[in-house]
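Taking it in order: structure first as structure tokens, then the write-up.
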Amino acid sequence: MRITTYYTSESLLVEGGTRLKGRVRVSGSKNASLPVLFATILTEERCLVEDVPVLLDVKNTVDLLTFLGAEVSWEGNRVQVDPKDIKRWDTPKDTVRRMRASILSMGPLLSRFGRAVVPMPGGCSIGPRPIDQHLKFFSEAGARVEVRDGKVFLDVERKRPVEFTFDLITVTGTENALLYLTGVEGRSVLRNVAIEPEVMDLIEVLRKMGAEVEVEGRTVLIRGTSAPKGFTHRVIPDRIEAGTLMVATVVTEGEVILDNVNPEHLGAVLEKIEEVGGVVEIRGKDSIRISSNGKRNPLEIITGEYPGFPTDMQAQFTAMLSLAEGRSRVVETIFESRFHHVAELSKMGANIKVKGREALIEGVERIFGAEVHSTDLRASASLVIAGLVAEGTTLVRDIYHLDRGYERLEEKLKKLGARIERLPSKVTLSGS
Ligand code: EPZ
């Protein structure tokens, strides 16, 4: 029987069965690059951001800065921004639909212009993802906040310092508040903040811009400035890309050296990598060697805010644990519905039961190649990982999700020996 199938977006074709071997450099962090690029809105001076990964979310951010009036030049992993001619404070209606992190334009636009108009973000496949905490902060800081016609209208007469406690820990909520307060003189205090490495990297930049920032546990004291300065900054390595490549190495029982990693950002992940049967060798301050002792131990994983186990690594571990010897339990405490990869992994023979925020994984001997769908950024990565270790060929469809958050992942994997190809959109496949 001949099957001819048409694919409307790009796909990855993955041949299972190779052990990853070799050395690869991890890219700069996506989730540090985005807030740092939005910070350039705060100043009229030139800024240079280095080691920025070349991916869709960065392109969306560069396009938005250009729309607002900044002069942006982006060569390789260097982004130069001249923000002096930014005149607009309203962002296009499709901005947030294309990239929800565009909500990070609120804080800097409101800080620089006293007003901002940003589309209200919808939910996405991993959950409703409200921004009530962001808006609550802005109103407590004295801004008028109005949501109408699917947009958020913010304006503030006179900027003043504020003391604010988040009701829950939110990464971009914390970042939006810090961006805004960098342009507010006087002593402000934020409590119950997120302390992810990406937030700390943004704080480094805000200090370079002239803000005084002290961090004590989950409390931040910040004194902003009326004239934030330009800066040069190299973003931290992408700990989630590093973790993703570690899982791919262990599950294929390979042996890989990762350069440009910060082991301190990966504590919880490294512990679980060792527990599952990985062997971790820290090689100085920015290189890690990963291999496997051949074991496939089941695990219990409960995601949590940093320094807990990162939700962005949950899907990748779920793929690996599908092949563990025994039952694993994964609890997703951060997002409401971040198990879409489970249905796809099941098509490959995984045995996983999801109940609410908990997944019970009965390890199986082997999984088989299949045609699977990406639903969100990290789910796509988990399907690629499953494809590397499945018997036969896996077709991972709709990989624009992957391109949003990983810089040329398939090239990195190919360099490590994986048999993986990107298929152009509108490809037709015929199987026997
Ligand atoms: C950031 O998203 C990351 N994105 C996410 O990475 C990451 O998964 C997430 O933090 C958690 O670590 C960027 O940094 C660009 P949250 P963010 O606000 O800030 C609820 C990836 O894969 N919440 O910390 O949107 C929210 O619904 C992406 O790179 C409210 O209820 O996450 C969620 O359940 C995916 N009200 C929880 O808090 C709010 O006002 C954590 O969300 C804000 C958040």
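For what it's worth, my numbering labels the leading residue of the sequence shown as 91, then goes sequentially. The beta carbon of each residue, even a glycine, is placed where N, CA and C say it ideally should be.
inquiry  = Between the alpha carbons of Leu244 and Ala471, how many angstroms are there, rounded?
reply    = Here residue 244 refers to the residue found at position 154 of the sequence shown. Here residue 471 refers to the residue found at position 381 of the sequence shown. Straight-line Cα distance between these residues: approximately 37 Å.
request  = Go ahead and pull the three-state DSSP assignment for Lys111.
outcome  = Counting from 1 along the sequence shown, the entry for residue 111 is found at position 21. In this structure, Lys111 counts as strand in the three-state DSSP scheme.
query = So is the beta-carbon of Asp402 under 7 Å away from any non-hydrogen atom of the ligand EPZ?
reply = Reading the sequence shown from its first residue, position 312 is the one you call residue 402. Distances from the CB of Asp402 to the heavy atoms of the ligand EPZ include at least one below 7 Å.
message = Please identify the residue among Asn352, Thr255, Glu364 and Ile372 whose C-alpha is closest to the C-alpha of Ser117.
response = As a first step, residue 117 must be located in the sequence shown, where it is residue number 27. Ranking the options by Cα distance to Ser117, first place goes to Asn352.
query = Using the beta-carbon count (16 or more within 10 Å), is Pro220 buried or exposed?
reply = As a first step, residue 220 is located in the sequence shown; it is residue number 130 there, counting from the start. With fewer than 16 other Cβ atoms within 10 Å, it is exposed.
task = Please specify which runs of the beta strand (DSSP E), each continuous and at least 3 residues long, are wholly inside the stretch 199-223, giving them in chain order.
result = 205-209
request  = Determine the direct distance from the alpha carbon of Thr262 to that of Thr309, and round the result to whole angstroms.
outcome  = For this step, residue 309 is matched to residue 219 along the sequence shown. For this step, residue 262 is matched to residue 172 along the sequence shown. When rounded, the distance between both Cα atoms is 16 Å.
inquiry  = Runs of 3 residues minimum, wholly inside the stretch 348-411: which ones carry the beta strand (DSSP E) assignment?
reply    = 368-372, 377-382 and 390-392
task = Measure the Cβ-Cβ separation of Leu145 and Asp466 and say whether it is below 8 Å.
result = Within the sequence shown, residue 145 is the residue found at index 55, counting from 1. Within the sequence shown, residue 466 is the residue found at index 376, counting from 1. Taking 8 Å as the Cβ cut-off, Leu145 and Asp466 do not qualify as a contacting pair.
ask   = Relative to the C-alpha of Pro125, which residue among Arg113, Val142, Arg136 and Glu135 is closest?
value = Along the sequence shown, read from residue 1 onward, the residue named residue 125 stands at position 35. Selected option, being the one with the closest Cα: Val142.
key: Residue burial classification, Leu110 (beta-carbon count within 10 angstroms, cutoff 16)   = On the sequence shown, residue 110 is found 20 positions in, with the first residue counted as 1. Buried.
query = Start and end of the beta strand (DSSP E) containing Arg238?
reply = For the purposes of this step, residue 238 is taken as residue 148 along the sequence shown, with counting starting at 1. Start and end: Arg234 to Arg238.
message = On the CB-based measure, 16 or more other CB atoms within 10 Å of its CB, does Ser101 come out buried or exposed?
response = Position 11 of the sequence shown holds residue 101. Only buried fits Ser101, as 16 or more other CB atoms lie within 10 angstroms of its CB.
key: Bridge partners - Pro327, DSSP secondary structure assignment   = Reading the sequence shown from its first residue, position 237 is the one you call residue 327. Gly118.
Straight-line gap, Arg238 to Thr133 (C-alpha atoms, nearest Å) = The residue given as residue 238 occupies position 148 in the sequence shown. The residue given as residue 133 occupies position 43 in the sequence shown. Cα to Cα, Arg238 sits roughly 29 Å from Thr133.
query = Run through DSSP, which three-state label would Ile259 get?
reply = Residue 259 sits at position 169 when you count from the first residue of the sequence shown. Reduced to three states, the DSSP call for Ile259 is coil.
query = Just how far apart, CA to CA, sit Thr408 and Val474?
reply = Against the sequence shown, residue 408 aligns to sequence position 318. Against the sequence shown, residue 474 aligns to sequence position 384. Approximately 12 Å between the Cα atoms of the pair.
Residue closest to Leu292, alpha-carbon to alpha-carbon, out of Leu271, Glu275 and Ser278 = By 1-based counting over the sequence shown, the position of residue 292 is 202. Closest option to Leu292, Cα to Cα, is Leu271.
query = Under three-state DSSP, which class holds Arg456?
reply = Looking up residue 456 in the sequence shown gives position 366. Correct three-state label for Arg456: coil.
request  = Flag this pair as yes or no: are the beta carbons of Ala233 and Leu200 separated by less than 8 Å?
outcome  = In the sequence shown, residue 233 corresponds to position 143, counting from 1. In the sequence shown, residue 200 corresponds to position 110, counting from 1. Yes. Within cutoff.
ask   = Which word fits Gly367, buried or exposed, when buried means at least 16 other C-beta atoms lie within 10 angstroms of its C-beta?
value = To locate residue 367, count along the sequence shown from 1; it is residue 277. Buried, by the Cβ-count rule.
query = Does the ligand EPZ have even one heavy atom less than 7 Å from the beta-carbon of Lys502?
reply = As a position in the sequence shown, residue 502 is number 412, starting the count at 1. No, the Cβ of Lys502 stays beyond 7 Å of every heavy atom of the ligand EPZ.
query = Taking just the CA atoms, how far does Glu361 sit from Gly477?
reply = Residue mapping note: residue 477 aligns to position 387 of the sequence shown, counting from 1. Residue mapping note: residue 361 aligns to position 271 of the sequence shown, counting from 1. If I take the Cα positions, the gap works out to 24 Å.
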